[in-house]
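Trainee:
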Amino acid sequence: MTSLRRSLTIALAMLAVAPLAQAWGPLGHSVVAELAQRHLSPAAEAEVERLLAPEHTTSLADIASWPDQIQDDPAQAALWKQTRGLHYIDFVHGDCNYVPPRDCKDGRCVVAGLQHYVDVLGDRSQPDAARREALKFVVHFVGDVHQPLHAGSRDDKGGNTYQVQFDGKGSNLHKVWDSGMLKTRGLDVQAYAQTLDAHGPVALPPPIAPFDDPYAQWAEESCSITAGAGFYPASHKIDQAYVDAELPVAELRLREAGRRLAEVLNLTLGH
Ligand SMILES: [Zn+2]
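The number in the working numbering is simply the position in the sequence shown, starting from 1, with 3 added.
#1: Around the Cβ of Q40, are there at least 16 other Cβ atoms within 10 angstroms (buried) or fewer (exposed)?
#2: How about P90: is its Cβ closer than 6 Å to a heavy atom in ligand 1?
#3: Please report the distance separating the alpha-carbon of W180 from that of A230.
#4: Please go through the same chain and pick out, in chain order, the residues whose beta-carbon is closer than 6 Å to the beta-carbon of E223, but skip the five residues on each side of it.
#5: Please name the residue or residues paired with F169 in a DSSP beta bridge.
#6: Which same chain residues end up closer than 6 Å to G88 when comparing Cβ atoms and leaving out the 5 residues on each side of it in sequence?
#7: Taking C-alpha atoms, which residue in Y120, S128, V114 lies nearest to E358?
#8: When you compare only the Cα positions, how much space is there between P151 and L43?
#9: Using three-state DSSP, classify F234 as helix, strand or coil.
#10: Using the DSSP secondary-structure output, state which residues sit across from F94 in a beta bridge.
#11: By the three-class DSSP mapping on this structure, what secondary structure does W27 have?
#12: Using the beta-carbon count (16 or more within 10 Å), is K139 buried or exposed?
#13: Return the chain-ordered list of same chain residues with a C-beta closer than 7 Å to the C-beta of R131, the five sequence neighbours on each side being excluded.
#14: Do you know how far the Cα of L257 is from the Cα of V246?
#15: DSSP three-state call for S227: helix, strand or coil?
#16: Can you round the beta-carbon distance between I92 and A154 to whole angstroms, since I take them to be within the 8 Å contact cut?
#17: Could you say which of E37, N269, G28, S174 lies nearest to L199 if we only look at CA atoms?
#18: Go through its chain and collect everything with a Cβ distance to G31's Cβ below 6 Å, but skip five positions before and after it.
#19: Write down the C-beta distance between L272 and A133 rounded to the nearest angstrom, noting that I regard them as a contact closer than 8 Å.
#20: Quick one: is T61 buried, meaning 16 or more other Cβ sit within 10 Å of its Cβ, or exposed?
Take a look at the structure:
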């Protein structure tokens with residue numbers, strides 16, 4: 004374990020026990036990024052702005068969906084191929100305990116993807132271009148690992164093959180969680196982040212011993228949500244009762260992701 008990784012691990016574990024004074028679609032990713040940006044330390048904020056300068060933005064929300072967008076860019080075909088398996092993790096149905104050789108073969112899962120890109124981001128010997136790319140992946144993957152169906156069951160490809168009726172149309176449960184439910188609020192990124200941030204700092208779930216892999220814990224939390232009663236609507240209909248019950252869960256995950264992303268960036272960039 005590098006000392007950076009060790010201090011990150013300890014700090015992320017402490018976060019849960021000592022609360023301080025947040026793949027989604029573009030909206031969800033941008034809300035997570037905006038929530039995090041509101042809680043960056045001045046040093047981390049300055050480093051984010053320096054790294055993003057060539058992108059002509061200072062906003063993490065602007066780059067939060069880039070790792071998805073590269074799938075449509077022929078110039079990024081190789082990078083997409085290399086990273087497409089890092090946006091999610093498939094658990095075995097009924098078992099949300101992370102077993103790397105089984106659930107993350109050859110490092111092809113979001114848990115390993117996060118670890119890799121946090122390491123690159125924190126490595127000041129890397130060129131800025133590599134660290135800028137790593138920043139985009141870290142912002143994106145912290146969002147993804149908190150979307151429950153990015154850490155669901157292999158059997159239905161994280162809800163992608165679970166067909167549902169939503170808003171009078173055919174859809175699938177993965178899409179409903181990625182973007183469908185969030186859009187029912189009718190809020191833009193800034194307004195959504197403001198609304199969620201107004202609740203104050205979210206209390207994080209307690210760490211699962213032995214605290215050695217916070218990213219695995221975040222994935223296990225997501226998996227456990229998908230195993231909850233009512234998460235899969237037996238009727239295959241997303242009605243108002245479903246949204247009333249599950250949208251607060253989705254929004255809690257956005258807040259947890261935002262808070263944890265801020266902490267990762269403060270620890271990684273704040274020196
Ligand atoms: Zn993604």
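We treat Cβ as the ideally placed atom computed from N, Cα and C, and that holds for glycine.
Mentor: Put simply:
#1: buried
#2: In the sequence under discussion, the amino acid at residue 90 is His, which differs from the Pro named in the question. Because some heavy atom of ligand 1 lies under 6 Å away, the Cβ of H90 counts as near it: yes.
#3: 14 Å
#4: C99, Y101
#5: K172, I241
#6: R111
#7: The shown model of the chain, from 4 to 274, leaves out residue 358, and the question about it has no answer.
#8: 25 Å
#9: coil
#10: S156
#11: coil
#12: buried
#13: In the sequence under discussion, the amino acid at residue 131 is Asp, which differs from the Arg named in the question. L54.
#14: 16 Å
#15: helix
#16: 5 Å
#17: E37
#18: L185
#19: L272 to A133, Cβ: 14 Å. No contact.
#20: exposed
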